Amino acid sequence: MKSTLQIGNDEKFNASLFFFVIAAAQVGVGIHGFQRVVVKDAGHDAWISVILAALFSHIVVFFMIKTLELYPSNDLYGIHLDIFGKFIGSIVNIIYVLYCTFAFYSVIKNYIEVINTWVFPDLSQSFITTVLLILVIYAFTGGLRVMLGVCFFSFMTGLWILIVVYMPLKYAHYNHLLPLFGHDITSIFKGAYSMTFTIVGFEVINTLYPYAKEKNKVQKYVHLALLCTLFIYLSVILVSLVYFSEAQLERTLWATLTLFTVIKLPFIERIEIIIICFWTIIILPNLCLFAWSAYRGVKRFKNVKGTTFIWLFSILMFIANIPMQSRTQIDDINNFFAQIAFVIVFLYPILLYIMASLKNVLRKGGRKNEKG
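Under my numbering, the first residue of the sequence shown is numbered 8, with each subsequent residue one higher.
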């Protein structure tokens, strides 16, 4: 197959790193305020919606990896070319590149707004964008191994924040969780759908899978990572539900950051400022992985160097960040991205697996007929 990737052993990495990659990719700007959108649909049963969203993620990842196992030396872009042919496959590839670009844009735009609102209200958005893009360029030009290192570093150094999340529990009102299952199943499923923007990121396995050494272990480590992020999001939503009232959560834009404001330490006046600044390390894997996934697609059309791509990509992102300033505009971006992500990340992989399986069966049948 012409679309098959030629990857040397020195470019491959251990499957265990998928745990850190997926965990880092799934935790980003969405965790700052996902409670508001989920509670609007599912109320105090929002924690059930979080579990359901995680369950759907496990199902989708299973189909994603099963599809990739049919093409062990290929990524999603090559699979598209094989299943749909060169013309339609190229169109589908362009759509996926645009999705990765949009995901990058959504992450960086939301984080810039948080920085401007909570830390540096007078700091130019262009300056913040430039700083973030320089970090992405630095990591990207180092190659895939450097980006994997960023994922590992981001995950390990961010664990302390989870401890801080539990500190507001001394003000908890556990009766906020009652009555259990007080909302109908439709509302709970709507809440799970509202988690789309927050939990996407695991789809980067579509472009990373061919680089894994022990491909038979990828499924295990990715599912472990999903369980890890479920624990993180479930912890945050439960603490939020017992600290805030339902009405407060519906009005609080960044509930997670607001939780941090009640924490008072003798040596730190405002710990939320430190956490927000530290969050640059948390979102860096998001940005690097989405940029790299877009690059793998662009390379199918033109054999462009990674350095050239990331500079052009960064210039495009800088220009795109200029016009969008208001909260309403960013909300519209998030809602639109969530709708697209739900189709591309949660629905499409199942359809693709069915088509890839049929193609594989027909291919095997054709070979048997030739032998006969």
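C-beta: ideal position from N, C-alpha, C; glycine also.
Every value quoted in this text rests on a predicted model; they were computed, and no experiment measured them.
Contact belief for residue i with residue j at Cβ below 8 Å, rounded distance in angstroms
i: residue 257; j: residue 47; result: 6 Å
i: residue 114; j: residue 294; result: 6 Å
i: residue 30; j: residue 236; result: 6 Å
i: residue 290; j: residue 36; result: 6 Å
i: residue 26; j: residue 232; result: 5 Å
i: residue 218; j: residue 14; result: 6 Å
i: residue 230; j: residue 39; result: Going by Cβ atoms, the distance from residue 230 to residue 39 rounds to 26 Å, so no, they are not a contact pair.
i: residue 246; j: residue 175; result: 6 Å
i: residue 102; j: residue 96; result: Not really, about 11 Å apart at Cβ, beyond 8 Å.
i: residue 344; j: residue 204; result: 6 Å
i: residue 347; j: residue 106; result: 6 Å
i: residue 94; j: residue 324; result: In fact, because the Cβ distance is near 29 Å, the residues do not count as touching under 8 Å.
i: residue 77; j: residue 363; result: 5 Å
Residues of its chain near residue i, where Cβ-Cβ distance is below 6 Å and the 5 sequence neighbours each way are ignored
i: residue 55; result: 195
i: residue 117; result: 36
i: residue 135; result: 119 and 122
i: residue 197; result: 48
i: residue 165; result: 289
i: residue 285; result: none
Rounded C-alpha distance that separates residue i from residue j
i: residue 70; j: residue 354; result: 10 Å
i: residue 4; j: residue 199; result: Residue numbering for the chain in the displayed model covers 8 to 379; residue 4 lies beyond these limits and cannot be assessed.
i: residue 227; j: residue 79; result: 16 Å
i: residue 190; j: residue 168; result: 31 Å
i: residue 87; j: residue 99; result: 7 Å
i: residue 260; j: residue 335; result: 12 Å
i: residue 154; j: residue 132; result: 25 Å
i: residue 41; j: residue 85; result: 34 Å
i: residue 207; j: residue 34; result: 9 Å
i: residue 81; j: residue 17; result: 17 Å
i: residue 369; j: residue 184; result: 52 Å
i: residue 104; j: residue 351; result: 11 Å
i: residue 22; j: residue 28; result: 10 Å
i: residue 358; j: residue 11; result: 22 Å
i: residue 312; j: residue 252; result: 52 Å
i: residue 160; j: residue 193; result: 39 Å
i: residue 326; j: residue 372; result: 51 Å
i: residue 147; j: residue 314; result: 8 Å
i: residue 225; j: residue 67; result: 14 Å
i: residue 152; j: residue 24; result: 10 Å
i: residue 156; j: residue 128; result: 32 Å
i: residue 254; j: residue 241; result: 20 Å
i: residue 338; j: residue 201; result: 13 Å
i: residue 308; j: residue 333; result: 36 Å
i: residue 223; j: residue 109; result: 31 Å
i: residue 275; j: residue 287; result: 20 Å
i: residue 243; j: residue 349; result: 22 Å
i: residue 162; j: residue 139; result: 18 Å
i: residue 356; j: residue 365; result: 14 Å
i: residue 173; j: residue 342; result: 29 Å
i: residue 137; j: residue 92; result: 39 Å
Proximal residues to residue i (C-beta, below 8 Å), its chain only, five neighbours per side dropped
i: residue 283; result: 121, 122, 125, 126 and 264
i: residue 171; result: 267, 270, 278 and 282
i: residue 32; result: 158, 208, 209, 211, 292, 293 and 296
i: residue 249; result: 176, 179, 180, 181, 183 and 184
i: residue 130; result: 122 and 123
i: residue 340; result: 112, 113, 116 and 331
i: residue 305; result: 104, 311 and 316
i: residue 150; result: 313
i: residue 272; result: 278
Sequence-distant residues of its chain with Cβ nearer than 7 Å to residue i (five each side left out)
i: residue 9; result: Unreliable positioning characterises residue 9 in this predicted model, as indicated by a pLDDT of 49, which lies under 50. A coordinate reading is not provided.
i: residue 360; result: 70, 73 and 74
i: residue 188; result: 52
i: residue 19; result: 218, 219 and 220
i: residue 43; result: 256, 257, 259, 260 and 262
i: residue 239; result: 34 and 169
i: residue 367; result: 77
Closer than 7 Å: residue i CB and nearest the ligand SAH heavy atom
i: residue 25; result: Ligands are entirely absent from the displayed structure, and the ligand SAH is therefore not among its contents.
Residue-level contact to chain C via CB, residue i, 8 Å cutoff
i: residue 42; result: This model lacks chain C altogether; it includes just one protein chain.
Whole beta strand (DSSP E) runs in the segment 222-288 with 3 or more residues, listed along the chain?
none
Pairing CB atoms from the segment 33-48 with CB atoms from the segment 177-185, are three or more of them under 8 Å?
no
Three CB pairs or more closer than 8 Å across the segment 55-64 and the segment 264-277
no
Hey, is the segment 300-307 in contact with the segment 205-217, meaning 3+ C-beta pairs nearer than 8 Å?
yes
Could you say if the segment 315-325 and the segment 141-148 meet the contact criterion of at least three C-beta pairs nearer than 8 Å?
yes
For the segment 45-128, which segments carrying the alpha helix (DSSP H) assignment without a break, of at least 4 residues, lie completely within its bounds, in sequence order?
53-76 and 83-121
Curious, which full-length alpha helix (DSSP H) runs of at least 4 residues does the segment 153-210 contain?
166-172, 192-201 and 203-206
What runs of the alpha helix (DSSP H), each 4 residues or longer, lie entirely inside the segment 320-345?
none
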